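Asks: Residue numbers (the working numbering), protein chains in the order written: chain F, 1 to 211; chain U, 212 to 422.
Yeah, the Cβ is synthetic: ideal placement off N, Cα and C, and Gly gets one too.
These numbers come from a predicted model, not from an experiment.
There's a structure below that I have some questions on.
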DNA sequence: CCAGGCATCATCCGATCGGCTATCCGGAGT
DNA sequence: ACTCCGGATAGCCGATCGGATGATGCCTGG
């Protein structure tokens, strides 16, 4: 049958991973790897030239714009491809950011090849494909919405990570110590922790703070 | 020429990565992938059967024993292979642990294929091969008086990041609270901080802890 | 053989933290 | 108009932390 082959572009900064996905995907009759990119700029260029059906997108692209931002960029091109995120992590922030950026699917790199193929085909058909672990996580979050941390609270977290005490933060932010304590309490509640150390760790994990 | 081909076994829990490395390595005249393993047990079995020259070892193998422990195991086999660690991270603790376990080299997965091939050949010849970034990091540590954090102290840091109190850590680690405090004091000194929050932030920044 | 790092434990004490309860103000949304 | 929320402030109190000091046993490397 003269079915149209599904045209795929790979975006990943790891040559090894690109080679792996290419080897696996190209071995499928109905799938074609028509381009590769190692960073955001290359990705936009290659997608623009090849107008693929599906882009396999890694989220961590080394320096420069990450996979989420790149997803946004390629989705803004004329006749945009579906984007299937294929990455190592399933940090909630990552997933949400990617989906928000217009990703149609989210797979983890430890997925068996079969699952990858099915995901590509599904994504090409416009379906939304989520890895089981990711789906589970998302449902959890949907049930209990992640409270957003206010700008002021982020300030506090920054100083917290520098190891400042309440008194010092108060001086730094030109407010009273009571205010700092108040903010901290709110932070604890929002992040689901009850110590400064836990808050810092969670904030970094949630990408509220940059390591 | 009838040079002996270098026989390679891959150990990685990601099918995609195995496929990638296999595709790249098998395309080289002098390199042969003679086996793959997805976890520690498989690795030991496959290495025992195939007696390869070089094992490419991922450090994170999902559940069960990690790459470092697995390295130790395969190095204890009769006529042990050289082990070349090929992983995503370059946490100092990981590097040291792997080297201590008998690894002959340490490469990052974002290395270009050429570098990978050179590393495999070098390792097979018994050379020690370190990725530039890893080598740099090691030298930095060697030059600057970065006190190394002991394994036990890393344990403490891990629990610290989870927001545990001294009492809870003590219970968790089956030691007295006094011991925990002692470790903490040492950690503070080594990391140049004086609070738990600062310790966590610095530990993550220094890649002693993974976010 | 001995220094030195690691891991363990103990006490003391002042400083700090975290929870609780309340109040006040101003802007955004209903 | 009224409510909700972020931000700021206050006081109280018990629990915890961090620093200082000192000691023991083990192992490793010079």
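Under 8 Å by Cβ, that's how I've got residue 66 of chain F and residue 59 of chain F pegged, so tell me the actual separation to the nearest angstrom.
Replies: As a working mapping, residue 66 of chain F is identified with position 66 in the first chain. As a working mapping, residue 59 of chain F is identified with position 59 in the first chain. Contact holds; Cβ gap of about 6 Å.
Asks: Taking all protein chains shown into account, decide if residue 40 of chain F is buried (16 or more other Cβ within 10 angstroms of its Cβ) or exposed.
Replies: Taking the first chain and counting its residues from 1, one reaches residue 40 of chain F at position 40. Result: buried.
Asks: Taking C-beta pairs closer than 7 Å, name the residues in chain F that residue 371 of chain U reaches, listed in chain order.
Replies: Locating residue 371 of chain U in the second chain gives position 160, where the first residue counts as 1. Under the 7 Å cutoff, chain F gives 197.
Asks: Would you check if there are 3 or more beta carbon pairs closer than 8 Å linking the stretch 162-175 of chain F to the stretch 402-415 of chain U?
Replies: Yes, the stretch 162-175 of chain F touches the stretch 402-415 of chain U.
Asks: If distances are taken between C-alpha atoms only, which option among F:106, F:95, F:5 and F:209 comes closest to residue 52 of chain F?
Replies: Reading the first chain from its first residue, position 52 is the one you call residue 52 of chain F. Of the candidates F:106, F:95, F:5 and F:209, the one whose C-alpha sits nearest the C-alpha of residue 52 of chain F is F:5.
Asks: Using 9 Å as the threshold, is the C-beta distance between residue 219 of chain U and residue 267 of chain U below it?
Replies: If you number the second chain from 1, residue 219 of chain U lands on position 8. If you number the second chain from 1, residue 267 of chain U lands on position 56. Cβ distance < 9 Å, so residue 219 of chain U and residue 267 of chain U count as in contact.
Asks: Does DSSP put residue 248 of chain U in a helix, in a strand, or in coil?
Replies: For the purposes of this step, residue 248 of chain U is identified with residue 37 of the second chain, where counting begins at 1. Three-state DSSP puts residue 248 of chain U in a strand.
Asks: Give me the Cα-Cα distance between residue 25 of chain F and residue 363 of chain U, rounded to the nearest whole angstrom.
Replies: Here the question's residue 25 of chain F lines up with position 25 in the first chain. Here the question's residue 363 of chain U lines up with position 152 in the second chain. Residue 25 of chain F and residue 363 of chain U: Cα-Cα distance of roughly 44 Å.
Asks: Whose Cβ in chain U lies nearer than 8 Å to the Cβ of residue 18 of chain F?
Replies: On the first chain, position 18 is the one that residue 18 of chain F refers to. Neighbours of residue 18 of chain F on chain U, chain order: 231.
Asks: Could you tell me if residue 2 of chain F is buried or exposed, where buried requires 16 or more neighbouring beta carbons within 10 angstroms of its beta carbon?
Replies: As a first step, residue 2 of chain F must be located in the first chain, where it is residue number 2. At residue 2 of chain F, the pLDDT of 48 sits below 50, so the modelled position is not reliable; the number obtained from the coordinates is stated separately. Residue 2 of chain F should be labelled exposed.
Asks: With contact counted as at least three CB pairs below 8 Å, one residue from each stretch, are the stretch 17-24 of chain F and the stretch 61-79 of chain F in contact?
Replies: No, the stretch 17-24 of chain F does not touch the stretch 61-79 of chain F.
Asks: Which residue wins for smallest C-alpha separation from residue 226 of chain U, given the options F:116, F:73 and F:83?
Replies: Position 15 of the second chain, counting from 1, holds the residue named residue 226 of chain U. That would be F:116, whose Cα lies nearest to the Cα of residue 226 of chain U.
Asks: Please list, in chain order, the chain F residues whose beta carbon lies closer than 7 Å to that of residue 392 of chain U.
Replies: The residue given as residue 392 of chain U occupies position 181 in the second chain. Per Cβ cutoff of 7 Å: no residues; residue 392 of chain U is ~14 Å from chain F at best.
Asks: Does the beta-carbon distance from residue 45 of chain F to residue 37 of chain F come in below 9 Å?
Replies: Here the question's residue 45 of chain F lines up with position 45 in the first chain. Here the question's residue 37 of chain F lines up with position 37 in the first chain. Yes, these two residues count as a Cβ contact at 9 Å.
Asks: Measure the beta-carbon distance from residue 313 of chain U to residue 296 of chain U and round it to whole angstroms, keeping in mind my assumption that it falls under 8 Å.
Replies: Numbered from 1 along the second chain, position 102 holds the residue referred to as residue 313 of chain U. Numbered from 1 along the second chain, position 85 holds the residue referred to as residue 296 of chain U. 10 Å between Cβ atoms; not a contact.
Asks: Is the CB of residue 190 of chain F under 9 Å away from at least one CB in chain U?
Replies: Position 190 of the first chain, counting from 1, holds the residue named residue 190 of chain F. Not one chain U Cβ lies under 9 Å of residue 190 of chain F.
Asks: Quick check on the burial criterion: 16 or more other C-beta atoms within 10 angstroms. Buried or exposed for residue 401 of chain U?
Replies: Here residue 401 of chain U corresponds to residue number 190 of the second chain, with the count starting at 1. Residue 401 of chain U is buried by the Cβ-count criterion.
Asks: Could you give the distance in angstroms between the alpha-carbon of residue 399 of chain U and the alpha-carbon of residue 369 of chain U?
Replies: Here residue 399 of chain U is taken as the residue at index 188 of the second chain, counted from 1. Here residue 369 of chain U is taken as the residue at index 158 of the second chain, counted from 1. Rounded to whole angstroms, residue 399 of chain U to residue 369 of chain U spans 14 Å at the Cα level.
Asks: What are the start and end residues of the alpha helix (DSSP H) that includes residue 204 of chain F?
Replies: One-based indexing of the first chain puts residue 204 of chain F at position 204. Run containing residue 204 of chain F: 196-205, per the alpha helix (DSSP H) assignment.
Asks: Listing by chain order, which chain F residues have their CB less than 7 Å from the CB of residue 331 of chain U?
Replies: Translated into the one-based positions of the second chain, residue 331 of chain U becomes position 120. Correct list: empty, because the minimum Cβ distance to chain F is about 12 Å.
Asks: Checking 9 Å against the spacing of the C-beta atoms, do residue 408 of chain U and residue 206 of chain F come in under that value?
Replies: Counted from its first residue, the second chain places residue 408 of chain U at position 197. Counted from its first residue, the first chain places residue 206 of chain F at position 206. Result no, Cβ atoms of residue 408 of chain U and residue 206 of chain F do not sit closer than 9 Å.
Asks: Quick one: using the 10 Å Cβ neighbour count with 16 as the cut-off for buried, is residue 359 of chain U buried or exposed?
Replies: As a first step, residue 359 of chain U must be located in the second chain, where it is residue number 148. Burial call: exposed.
Asks: Got a sec? Which residues, its chain only, sit under 7 Å from residue 208 of chain F by beta carbon, not counting five neighbours each side?
Replies: In the first chain, counting from the first residue as 1, residue 208 of chain F sits at position 208. So the qualifying residues of the chain are 149, 154 and 157.
Asks: Using a Cβ-Cβ cut-off of less than 7 Å, list which residues of the stretch 21-39 of chain F approach chain U; keep chain order.
Replies: Those would be 21, 23 and 24, in chain order.
Asks: Between residue 404 of chain U and chain F, is the shortest Cβ-Cβ distance under 9 Å, so that the two count as touching?
Replies: Locating residue 404 of chain U in the second chain gives position 193, where the first residue counts as 1. Yes, residue 404 of chain U lies at the interface with chain F (some Cβ there is under 9 Å from its Cβ).
Asks: For the candidate residues F:105, F:110, F:174 and F:111, whose alpha-carbon lies nearest to that of residue 127 of chain F?
Replies: Sequence index remark: in the first chain, residue 127 of chain F carries index 127 (1-based). When only C-alpha atoms are compared, the closest one is F:105.
Asks: Does the beta carbon of residue 341 of chain U come closer than 9 Å to any beta carbon on chain F?
Replies: If you number the second chain from 1, residue 341 of chain U lands on position 130. No, residue 341 of chain U does not count as interfacial toward chain F.
Asks: Interface residues of chain U around residue 200 of chain F at Cβ under 7 Å?
Replies: On the first chain, residue 200 of chain F is found 200 positions in, with the first residue counted as 1. Result: 408, 411 and 412.
Asks: Buried or exposed for residue 389 of chain U, please, with buried defined as at least 16 other CB atoms from any protein chain shown within 10 angstroms of its CB.
Replies: Translated into the one-based positions of the second chain, residue 389 of chain U becomes position 178. Per the 10 Å Cβ criterion, exposed.
Asks: Residue ranges of each alpha helix (DSSP H) run of no fewer than 4 residues wholly in the stretch 274-356 of chain U, ordered along the chain?
Replies: List check, alpha helix (DSSP H) in window: 278-286, 303-311, 324-335 and 343-354.
Asks: Determine which residues of the stretch 311-327 of chain U have a Cβ less than 8 Å from any Cβ of chain F, and write them out in chain order.
Replies: Listed by position, the residues of the stretch 311-327 of chain U near chain F (Cβ gap below 8 Å) are 320, 321, 322, 323, 324 and 327.
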